[in-house]
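A quick write-up on the structure given underneath.
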Amino acid sequence: QKEVEQNSGPLSVPEGAIASLNCTYSDRVSQSFFWYRQYSGKSPELIMSIYSNGDKEDGRFTAQLNKASQYVSLLIRDSQPSDSATYLCAVNILAGRRALTFGSGTRLQVQP
Amino acid sequence: DGGITQSPKYLFRKEGQNVTLSCEQNLNHDAMYWYRQDPGQGLRLIYYSQIVNDFQKGDIAEGYSVSREKKESFPLTVTSAQKNPTAFYLCASSWTGDGYTFGSGTRLTVV
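Printed below as a string of structure tokens:
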């Protein structure tokens with residue numbers, strides 16, 4: 147089992163729809179969770195962080211965390227073609243190792 | 335403006351050659367990291383450093399070396415022992431436990 151798992155996609159949604167991206171992780175003691183967006187050929191950029199169970203909203207983005215079920219998700223409302231990118235989930239796996247473990251990413255395609 | 339700078343953007347390595355990738359940050363972050371990304375894959379951790387003069391191996395450290403003599407700088411050397419070095423190399427920095435700021439990356443190709 148991979149430490150951080152994401153569906154590779156592509157996830158295709160029409161413009162204006164809600165895109166739902168999911169991530170599961172293996173380490174029950176993980177405390178920090180992040181979503182990064184990576185455009186093709188570019189470096190990742192941080193879009194959301196979440197540390198507590200529940201929802202966290204920032205503009206069109208909502209991160210959801212459920213530690214009991216070991217999953218974290220990202221919702222993108224009113225999806226735009228400019229949201230088309232790969233979304234990477236990152237988790238601090240292994241207590242004491244202060245570095246993030248990344249999933250392989252989900253490619254999102256927003257159709258105009 | 336504060337940020338993290340990687341150079342060069344493109345690098346070509348001959349067989350048996352060592353090359354060094356530069357990473358400099360002026361964000362006053364304590365921690366710095368090196369990741370490798372292969373096409374269609376996620377990021378894999380090579381080395382990381384929480385403080386000056388200290389660093390730890392990540393998941394794929396074999397064939398790589400680093401130094402952290404200054405808070406601002408964390409260069410990565412790809413040695414001839416790394417048999418498959420062609421990849422996109424990403425440097426990042428952060429406050430401990432916080433999200434990362436990434437540099438723009440270095441694309442390394444073996445010729």
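Those protein sequence lines, which keep their order, are chains A and B.
Okay, so the first sequence: first residue is 147 according to the working numbering, each after it adds one.
Okay, so the second sequence: first residue is 335 according to the working numbering, each after it adds one.
Built from N, CA and C at the ideal position, the CB exists for glycine as well.
Remember, predicted model here, so these are calculated numbers, not experimental data.
Return helix, strand or coil for residue i, following the three-state DSSP convention.
{"i": "residue 227 of chain A", "result": "helix"}
{"i": "residue 202 of chain A", "result": "strand"}
{"i": "residue 237 of chain A", "result": "strand"}
{"i": "residue 163 of chain A", "result": "coil"}
{"i": "residue 211 of chain A", "result": "strand"}
{"i": "residue 430 of chain B", "result": "coil"}
{"i": "residue 246 of chain A", "result": "coil"}
{"i": "residue 191 of chain A", "result": "strand"}
{"i": "residue 361 of chain B", "result": "coil"}
{"i": "residue 148 of chain A", "result": "coil"}
{"i": "residue 356 of chain B", "result": "strand"}
{"i": "residue 347 of chain B", "result": "strand"}
{"i": "residue 388 of chain B", "result": "strand"}
{"i": "residue 154 of chain A", "result": "coil"}
{"i": "residue 175 of chain A", "result": "coil"}
{"i": "residue 257 of chain A", "result": "strand"}
{"i": "residue 405 of chain B", "result": "coil"}
Determine which residues share a DSSP beta bridge with residue i and list them.
{"i": "residue 369 of chain B", "result": "B:379, B:424"}
{"i": "residue 252 of chain A", "result": "A:233"}
{"i": "residue 218 of chain A", "result": "A:169, A:211"}
{"i": "residue 182 of chain A", "result": "A:192, A:234"}
{"i": "residue 436 of chain B", "result": "B:426"}
Can you give me the C-alpha to C-alpha distance between residue i and residue j, rounded to a whole angstrom?
{"i": "residue 191 of chain A", "j": "residue 353 of chain B", "result": "26 angstroms"}
{"i": "residue 362 of chain B", "j": "residue 406 of chain B", "result": "7 angstroms"}
{"i": "residue 163 of chain A", "j": "residue 423 of chain B", "result": "34 angstroms"}
{"i": "residue 222 of chain A", "j": "residue 255 of chain A", "result": "12 angstroms"}
{"i": "residue 410 of chain B", "j": "residue 381 of chain B", "result": "9 angstroms"}
{"i": "residue 445 of chain B", "j": "residue 351 of chain B", "result": "11 angstroms"}
{"i": "residue 210 of chain A", "j": "residue 193 of chain A", "result": "13 angstroms"}
{"i": "residue 176 of chain A", "j": "residue 198 of chain A", "result": "11 angstroms"}
Measuring only from the beta carbon, is residue i closer than 8 angstroms to any heavy atom that is part of the ligand GTP?
{"i": "residue 250 of chain A", "result": "Absence of the ligand GTP from the depicted structure is noted, as is the absence of any ligand whatsoever, leaving it without description."}
**Asked** Between the region 195-229 of chain A and chain B, which residues of the former have a C-beta closer than 8 angstroms to a C-beta of the latter?
**Response** 195
**Asked** Mind listing which residues of the region 239-255 of chain A have their C-beta closer than 8 angstroms to chain B's C-betas, in chain order?
**Response** 243, 244, 245, 246, 247, 248, 249, 250, 251
**Contact list for the region 160-186 of chain A against chain B, Cβ threshold 7 angstroms** = Against chain B - using a Cβ distance shorter than 7 angstroms - the residues of the region 160-186 of chain A are 178, 180.
**Asked** When Cβ atoms are compared, which residues of the region 344-373 of chain B fall closer than 8 angstroms to chain A?
**Response** Correct list: 365, 367, 369.
**Message:** Along the region 375-388 of chain B, where does the CB come closer than 7 angstroms to a CB of chain A? Name the residues.
**Reply:** Cβ contacts with chain A: 375, 376, 377, 379, 382, 384.
**Prompt:** At a Cβ cut of 8 angstroms, what residues of the region 409-431 of chain B count as close to chain A, listed as they run along the chain?
**Reply:** 424, 430, 431
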